[in-house]
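J.:
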Ligand code: ADP
Ligand code: MG
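Residue numbers (this note's numbering): 18 to 288.
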């Protein structure tokens, strides 16, 4: 006689969409990352041994009180600055082994940057701004026209290709900056407070766009933010305090994420 095992009740419950979990080796990781700054005679320890990793296709938010080292970490991840000790490893390549020229080539070709202040060049059109990473790299932009059209469509800016930045709203400028960050098909996109200069509606728009880029283009994104709502769009939130990772939590993509993140940040800010 065959006994039918009862099906566990949990299996019939609807589950929240699984966060992007990543397989295989990380796209980017750090080993015991330390950054010291000298301010006159005073040494500031901005990072005190950070082991951070981001997997392919993941969207990670970095949060923490002001001065906790978020921007310093993002700058080191992007090769904009070098650590005092420890390592940043991009797809297996140790950035410390690279000359300054090789490092700037890594920044131009393999990393996309999105800044709080958009940083578009005012004399160039929106389309030319998107192509800028190719031009700065000394390459011919002609083969990238199709990609440009696709990216402008994706960020909802197809009609604005020939506008100058001062003819665009803040939200529209940031969407152009997102397209610019993607033109080289970078291995990772780094964003420092990308919604910091935007009203909440344009901010939500930009965050939803980053989420879609991650889901549909398998882009990997690391975003620094002090806004819990922004962090709730990520797959995982890493909390920094005094230059160290003190906590991490995966988002469930439900309406409790925002509450959890805001509470955790408030605790770190009050300690
Ligand atoms: P966050 O982005 O979390 O606000 P930062 O990474 O900007 O923090 O700064 C971390 C710490 O390092 C702070 O104490 C800050 O004052 C210090 N710091 C950052 N940049 C420099 C610098 N260029 N020179 C000296 N100290 C710095
Ligand atoms: Mg900062």
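The beta carbon of each residue, even a glycine, is placed where N, CA and C say it ideally should be. Please read these numbers as outputs of a predicted model, since none were measured by experiment.
Are residue 265 and residue 65 touching if we call contact CB-CB under 8 Å?
T.: Along the chain shown, read from residue 1 onward, the residue named residue 265 stands at position 248. Along the chain shown, read from residue 1 onward, the residue named residue 65 stands at position 48. No, the pair does not count as a contact, with Cβ atoms beyond the cut-off.
J.: From 127, 155, 197 and 122, pick the residue whose C-alpha is nearest to that of residue 144; which is it?
T.: Here the question's residue 144 lines up with position 127 in the chain shown. If we check each option's Cα against that of residue 144, 197 comes out closest.
J.: With burial defined as no fewer than 16 other Cβ atoms inside 10 Å of the residue's Cβ, what is the status of residue 111: buried or exposed?
T.: Here the question's residue 111 lines up with position 94 in the chain shown. Exposed, because fewer than 16 other Cβ atoms sit within 10 Å of the Cβ of residue 111.
J.: Within the same chain, show all residues whose beta-carbon is closer than 7 Å to that of residue 88, passing over the 5 residues directly before and after it, in chain order.
T.: The count along the chain shown starts at 1 and reaches residue 88 at position 71. So the qualifying residues of the chain are 209 and 241.
J.: Thinking residue 182 and residue 139 are a contact (beta carbons under 8 Å), I'd like their distance in whole angstroms, please.
T.: Indexing the chain shown from 1 puts residue 182 at position 165. Indexing the chain shown from 1 puts residue 139 at position 122. That pair is a contact at about 5 Å.
J.: For residue 151, which of helix, strand or coil comes out of DSSP?
T.: The residue you call residue 151 lines up with position 134 of the chain shown. Note: residue 151 maps to helix in three-state DSSP.
J.: Based on DSSP bridge pairs, tell me the residues matched to residue 195.
T.: Here residue 195 refers to the residue found at position 178 of the chain shown. DSSP output for residue 195 lists no bridge partner at all.
J.: Assuming contact is defined by CB atoms lying nearer than 8 Å, are residue 108 and residue 176 in contact in what I supplied?
T.: Here residue 108 is taken as the residue at index 91 of the chain shown, counted from 1. Here residue 176 is taken as the residue at index 159 of the chain shown, counted from 1. Cβ atoms of residue 108 and residue 176: not closer than 8 Å.
J.: In whole angstroms, what separates the C-alpha of residue 151 from that of residue 280?
T.: For the purposes of this step, residue 151 is identified with residue 134 of the chain shown, where counting begins at 1. For the purposes of this step, residue 280 is identified with residue 263 of the chain shown, where counting begins at 1. Their backbone Cα atoms lie some 42 Å apart in a straight line.
J.: Of all the options 148, 252, 102 and 61, which has the alpha carbon lying nearest to the alpha carbon of residue 73?
T.: Start at 1 with the first residue of the chain shown, and residue 73 comes out as number 56. For residue 73, the nearest C-alpha among the options comes from 252.
J.: Using 10 angstroms around the beta-carbon of residue 78, count the other beta-carbons present and answer buried if the total reaches 16, otherwise exposed.
T.: In the chain shown, counting from the first residue as 1, residue 78 sits at position 61. With 16 or more Cβ atoms within 10 Å of its Cβ, residue 78 is classed as buried.
J.: Across the segment 269–278 and the segment 93–102, are there enough close Cβ pairs to call them in contact, namely three or more that are closer than 8 Å?
T.: Counting Cβ pairs under 8 Å, fewer than three are found: no touch.
J.: Might you give, ordered along the chain, the residues of its own chain that have their beta carbon closer than 6 Å to the beta carbon of residue 178, omitting 5 neighbours on each side?
T.: Along the chain shown, one-based indexing puts residue 178 at 161. So the qualifying residues of the chain are 143, 144 and 169.
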